[in-house]
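Novice:
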Amino acid sequence: MTTSPELRPSRRTLLIGASLAAVTTGLAACAPRSPATGSAPAASASPVPGGVLRAAFAGGGAQETLDPHRANLFLEGSRSKMIFEKLADLGEDMSAVPRLAQEWEPNADLTQWTIRLREAVFHDGRPVRPEDVLYSYRRITDPAEGFRARSNFAMLDLDASEVQDERTLRLHLSRSYAEFPNSLAAFGAFIVPEDATNFDEPVGSGPFRFAGWDPGRSLTLDAFDDYWEGRPYLDRLEYLIANEESARINALVSGTVQYAHDVSGSTAQTYAAREDLVFTRLPNSGMNGFAMKTDRAPFDHPDARRALFALTDRQELVDAALAGAGNVGNDLFGKGYEYYADDLPQREQDLDLARRLIASSGLGDHEIVIDTADAGTGLIASANVFADQLRAAGLSASVHQRDAGTYWSEILDEGILCAYRSGGMPIESHVSQRLLSDSSTNATAWRDPEFDALYADAIATADPAARAGIYHDMQTTLHDRGGFLIWGFADWIVATSANVAGIVEAPANSLDWARFDRVWLA
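Following the UniProt record's numbering, the numbering of the sequence shown begins with 1 at its first residue and continues without gaps.
Quick look at the structure:
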């Protein structure tokens, strides 16, 4: 068993969003707060109630939505979790932790999960009931809608699932699935009131309630007094849209906002000396690497892939592509996450080994074209640096810049090598979405029946230690001859005014990322 512990925005704040354009897409357990760079006066260690916090995020223009099941942007993800809740969310290590679910327990073969709900209420005073959960999941899995979280519930048999009592339900699955709590925590898997269809003035059970919205410009939320985990410290939370990083920083420096999401390492360095600002790193928030197509020449030869593993200078890539805001990778996804195989030897650049592997694989007979695009931080810079590293090892290499709008769909089937990045997710989700023979986003074209069988064994194994052992075996295979060359993990950075306290160093897409109900103004 698993258990857990109205005012409108001012004209001035609205103009911040109105002056900016361009669409930016995204998607997507606490550590003590510490500034990434610079020094700042210590904010009050004891929470102080009251006040208004204004947060600047990149947005999606008039197409933005408050429907939590349609959320795709980081902005929408943060807003959704302040208004709504999920049965579970992801902790710092990307394992599921209970939220609206007080506890869950599977049957012996992991095909039925009994869930006990907390005593929680929606903003209109109605209790959160099992019927609301079933309605939400039925809506999410509607094939006519194409909601983001639909694939996470592909094994859920809603017709067989049932209400047990006023706070208990039993969910039936079509197959054994030890990682089902990851589905409960999936991005977009929020619980809405039964029969909710219009989200222009949404009603949720989260820590803040709706107060006002101007799509593409601002959203105003007020503290919810009856939130199950306690009233937020803030009285009010305002989201403002600022698509350009420079606009977010300028708004912070001017005092228009107190929180700026997603700033670069170079910006943090530029403003490091200011005592009125704090830059907080969110470690392991993004994976950066290259995807090699394992089903075609030259990377259908395992030694060709091993050659690239050996020739890579990972620290140079972190320094150049991430401005040093991150740490080196070891060709495995999920550093620091649950099941990560941290005992496998860390790769170092070995050009002698690389040249031997180049010779044994015939890699030197090929032109290595690296696909990239301006579709994410570090993609172009990393491709250019890596091309130089390939040339230093004696290979012929070039960079092909694709259109950013179609990049992620094109690289699934085209090319031989591409720059790649990902946000945080459980290692099991990374495997199921990207590394199985039938995975829909298999950018490395990795198809290995034995690997597929190991995954099937892992998710059908109830014992956590035994399951971890299977994941370790899978990662050993990937470390030896996989198609992902994962050179680094990015620390995303948020900037705040020095009087903002309660920001924690939590990876993006986790429970404590952008969690404004635990923030206060000192």
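Even glycine gets a Cβ: it sits at the ideal position worked out from N, Cα and C.
The model shown is predicted, which means the values in this text are computed figures rather than measured ones.
For residue 513 versus residue 282, is the C-beta distance shorter than 8 Å?
Specialist: yes
Novice: Could you work out which residue in 57, 330, 370, 518 is closest to residue 298 when comparing CA atoms only?
Specialist: 370
Novice: Taking the straight line between their C-alpha atoms, what separation do you get for residue 9 and residue 255?
Specialist: Residue placement at residue 9 is poorly supported in this model, since its pLDDT is 35, which falls under 50; the coordinates still yield a value, given next. Roughly 15 Å separates the two Cα atoms.
Novice: What's the gap between the Cα of residue 145 and the Cα of residue 499?
Specialist: Distance between the alpha carbons of residue 145 and residue 499: 43 Å.
Novice: Using CA coordinates, which residue listed in 79, 65, 235, 126 is at the minimum distance from residue 521?
Specialist: Nearest C-alpha to residue 521: 235.
Novice: Could you give the first and the last residue of the continuous alpha helix (DSSP H) run that contains residue 503?
Specialist: For residue 503, there is no enclosing alpha helix (DSSP H), as DSSP marks it with neither H nor E.
Novice: What residue does the beta strand (DSSP E) around residue 509 start on, and which one ends it?
Specialist: From DSSP, residue 509 is part of no beta strand (DSSP E); its letter is neither H nor E.
Novice: Per the DSSP calculation, residue 166 is bridged to which residue(s)?
Specialist: None, per the DSSP bridge assignment.
Novice: Is the beta carbon of residue 53 closer than 8 Å to that of residue 519?
Specialist: yes
Novice: Using the Cα positions of residue 192 and residue 150, report the straight-line distance between them to the nearest angstrom.
Specialist: 15 Å
Novice: If you count every other CB in all the chains shown that lies within 10 Å of the CB of residue 164, and 16 or more means buried, which is it?
Specialist: Around the beta carbon of residue 164, fewer than 16 other beta carbons sit within 10 angstroms, so the residue counts as exposed.
Novice: Measuring CA to CA, which of 408, 158, 211 is closest to residue 113?
Specialist: Checking every option, the nearest Cα to that of residue 113 belongs to 158.
Novice: Who are the Cβ neighbours of residue 349 in its own chain at under 6 Å, not counting the five residues just before and after it?
Specialist: 313
Novice: Near residue 27, which residues of its chain fall below 7 Å by C-beta distance, leaving aside the five closest residues on each side in sequence?
Specialist: Bear in mind that a pLDDT of 30 at residue 27, under 50, signals an unreliable position, so the model cannot answer this.
Novice: Helix, strand or coil, according to DSSP, for residue 258 in the structure here?
Specialist: coil
Novice: Could you tell me the alpha carbon to alpha carbon distance between residue 457 and residue 109, rounded to whole angstroms?
Specialist: Whole-angstrom Cα-Cα distance: 12 Å.
Novice: Starting from residue 161, follow its DSSP beta bridges and name the residues at the other end.
Specialist: Per DSSP, none; premise fails for residue 161.
Novice: Could you tell me which of 425, 320, 503 sits nearest to residue 185, measuring between CA atoms?
Specialist: 425
Novice: How long is the line joining the alpha carbons of residue 115 and residue 104, rounded to whole angstroms?
Specialist: 4 Å
Novice: Using a 10 Å radius around the Cβ and a threshold of 16 neighbouring Cβ atoms, would you call residue 367 buried or exposed?
Specialist: exposed
Novice: Assign residue 197 to one of three DSSP states: helix, strand, or coil.
Specialist: coil
Novice: Alpha carbon to alpha carbon, how far is residue 347 from residue 355? Give it in angstroms, no decimals.
Specialist: 16 Å
Novice: Determine the closest residue to residue 377 out of 325, 335, 315, with distance taken between C-alpha atoms.
Specialist: 325
Novice: Consult DSSP for residue 420 and reduce its assignment to one of helix, strand or coil.
Specialist: strand
Novice: When DSSP labels each residue in this structure, what does residue 223 get in the three-state scheme?
Specialist: strand
Novice: Pick helix, strand or coil for residue 123, following the three-state DSSP scheme.
Specialist: The three-state reading of DSSP puts residue 123 in coil, since its state is none of H, G, I, E or B.
Novice: Which stretch, first to last residue, makes up the beta strand (DSSP E) that contains residue 372?
Specialist: 367 to 372
Novice: DSSP three-state label for residue 335, please.
Specialist: coil
Novice: Going by DSSP, what residue range makes up the alpha helix (DSSP H) through residue 379?
Specialist: 379 to 392
Novice: Starting from the Cα of residue 232, find the closest Cα among 459, 51, 410, 474 and give me that residue.
Specialist: 51
Novice: With three or more C-beta pairs closer than 8 Å as the rule, is the region 441 to 452 touching the region 475 to 484?
Specialist: Counting Cβ pairs under 8 Å, three or more are found: they touch.
Novice: How many angstroms separate the CA atom of residue 491 from the CA atom of residue 327?
Specialist: 8 Å
Novice: Can you give me the Cβ contacts of residue 160 inside the same chain, cut-off strictly under 8 Å, excluding the 5 residues immediately before and after it?
Specialist: Annotation for residue 160: 172 place their beta carbon closer than 8 Å to its own, counting only its chain and skipping 5 residues before and after.
Novice: Compare the C-alpha of residue 421 against each of 435, 111, 244, 286 and name the closest.
Specialist: Looking at the Cα atoms, 286 is the closest of the given residues.
Novice: Buried or exposed, going by whether 16 or more other CB atoms sit within 10 Å of the CB of residue 182?
Specialist: So residue 182 ends up on the buried side.
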